[in-house]
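*Asks:* Taking the working numbering, the leading residue of the sequence shown gets 1, the next gets one more, and so forth. Ideal Cβ positions, reconstructed from N, Cα and C, are used throughout, including at glycine. Fair warning: this is a prediction, and the values are worked out from it, not measured in the lab.
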Amino acid sequence: MSDSPPMTPRGRATHTRIVRAAVDVIAGHGATDMSLDLVMRRAGVSKGQLYHYFDDRAALVHAAVDATVDDVVTLQRSMMEALDTWQGIRTWFDCLIALQVTLDARGGCPMAMLSAHLVETDEIVRSRLIAGFERWEGMLERGLTSMRAAGLLVGDAQPRELSIATMASIQGGLVLTQVRRDPEQLRIALTSAWSYLQSHAAAPD
1 MSDSPPMTPR
11 GRATHTRIVR
21 AAVDVIAGHG
31 ATDMSLDLVM
41 RRAGVSKGQL
51 YHYFDDRAAL
61 VHAAVDATVD
71 DVVTLQRSMM
81 EALDTWQGIR
91 TWFDCLIALQ
101 VTLDARGGCP
111 MAMLSAHLVE
121 TDEIVRSRLI
131 AGFERWEGML
141 ERGLTSMRAA
151 GLLVGDAQPR
161 ELSIATMASI
171 QGGLVLTQVR
181 RDPEQLRIAL
191 TSAWSYLQSH
201 AAAPD
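Structural data, given as structure tokens:
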């Protein structure tokens with residue numbers, strides 16, 4: 001609750017456990033069908049404990065959205081350490097495909113799943129997902145900006161537009177991968193994204 005005193009370490013642990021339980025329930029059942037009873041059972045807390053930390057169901061959903069965004073961005077950051085070279089981008093794409101193979105092409109993008117369920121009815125969620133996608137895209141945009149400065153991209157290349165186009169390919173590829181249970185769908189989408197990025201490569205000296 002916003003006007004509550006600072007949490008103790010035990011309180012922070014309980015708060016985190018509730019949020020992680022909500023993230024898991026949403027991943028398995030969807031945000032619109034998130035059961036507070038199931039969250040409480042998974043977190044091992046009472047109703048009184050849950051409402052001590054969250055004013056209502058919406059507040060818990062918003063906390064779970066924030067945690068999901070952070071999870072996705074943190075995972076992507078670990079894959080996007082060297083996006084200022086062509087090889088770095090290629091390696092990132094390969095990591096995205098390998099992750100879908102590991103996951104057996106299940107789950108899709110957690111942020112996209114939240115978007116499908118909530119953005120038409122919850123402006124707070126929509127604004128937080130916008131910020132989350134901008135954080136994700138921003139990592140590629142910064143890399144592309146460095147590549148343009150280094151002469152690896154043509155001078156009129158637009159890193160922001162290129163990063164948005166790449167994200168569109170990733171998200172579309174993940175949807176088809178999930179529906180068809182086939183990581184090849186993401187590989188095809190990323191091959192197209194790679195070709196589009198390469199079309200903005202500077203000619204070698």
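Could you tell me whether the region 37-56 touches the region 76-92, where touching means 3 or more Cβ pairs closer than 8 Å?
*Replies:* Too few Cβ pairs lie closer than 8 Å, so no.
*Asks:* Quick one: which unbroken beta strand (DSSP E) runs of 3-plus residues sit fully inside the region 22-55? Chain order, please.
*Replies:* DSSP runs (the beta strand (DSSP E)) wholly in the region 22-55: none.
*Asks:* Suppose only complete runs of 3+ residues qualify. What are the beta strand (DSSP E) ranges in the region 91-127, listed by chain order?
*Replies:* Segments of the beta strand (DSSP E) lying fully in the region 91-127: there are none.
*Asks:* Verify whether the separation of the beta carbon atoms of residue 197 and residue 166 is less than 9 Å.
*Replies:* In this structure, residue 166 lies closer than 9 Å to residue 197 by Cβ.
*Asks:* Once you ignore the five residues that flank residue 202 on each side, which residues in its own chain have a CB closer than 7 Å to its CB?
*Replies:* 151, 152, 153, 154.
*Asks:* Should residue 136 and residue 61 be called a contact, given that it needs their Cβ atoms to be closer than 9 Å?
*Replies:* No, Cβ-Cβ distance for residue 136 and residue 61 is not below 9 Å.
*Asks:* Whether or not the region 101-114 and the region 177-197 are in contact is what I'm after, with contact meaning three or more pairs of Cβ atoms, one per stretch, closer than 8 Å; do they touch?
*Replies:* Touching, yes.
*Asks:* Out of curiosity, what's the CA-to-CA distance linking residue 14 and residue 30?
*Replies:* Their backbone Cα atoms lie some 23 Å apart in a straight line.
*Asks:* Closest to residue 140 by C-alpha separation, out of 25, 161, 123, 129, would be which residue?
*Replies:* It is 161 whose Cα lies nearest to the Cα of residue 140.
*Asks:* Going along the chain, which residues of its own chain have a beta-carbon closer than 6 Å to the beta-carbon of residue 147, five neighbours each way excluded?
*Replies:* Cβ neighbours of residue 147 beyond the five flanking positions: 84, 153.
*Asks:* How big is the Cα-Cα spacing for residue 18 and residue 131?
*Replies:* The straight-line gap from Cα to Cα measures roughly 23 Å.
*Asks:* Would the beta-carbon of residue 107 fall within 9 Å of that of residue 143?
*Replies:* No, these two residues do not count as a Cβ contact at 9 Å.
*Asks:* Identify whether residue 140 lies in helix, strand or coil by the three-state DSSP scheme.
*Replies:* In this structure, residue 140 counts as helix in the three-state DSSP scheme.
*Asks:* Is residue 64 helix, strand or coil when you go by DSSP?
*Replies:* Helix.
*Asks:* Tell me which residues share the same chain as residue 191 and place their Cβ nearer than 8 Å to its Cβ, disregarding the 5 neighbours each side in the sequence.
*Replies:* Nothing meets the Cβ criterion.
*Asks:* For residue 74 and residue 95, what's the separation of their Cα atoms in angstroms?
*Replies:* C-alpha separation (whole angstroms): 14 Å.
*Asks:* Indicate the three-state DSSP secondary structure (helix, strand or coil) for residue 197 in the structure shown.
*Replies:* Of the three classes helix, strand and coil, the one that applies to residue 197 here is helix, per DSSP.
*Asks:* Can you look up residue 174 in the DSSP assignment and give me helix, strand or coil?
*Replies:* The answer is helix: DSSP assigns residue 174 an H, G or I state.
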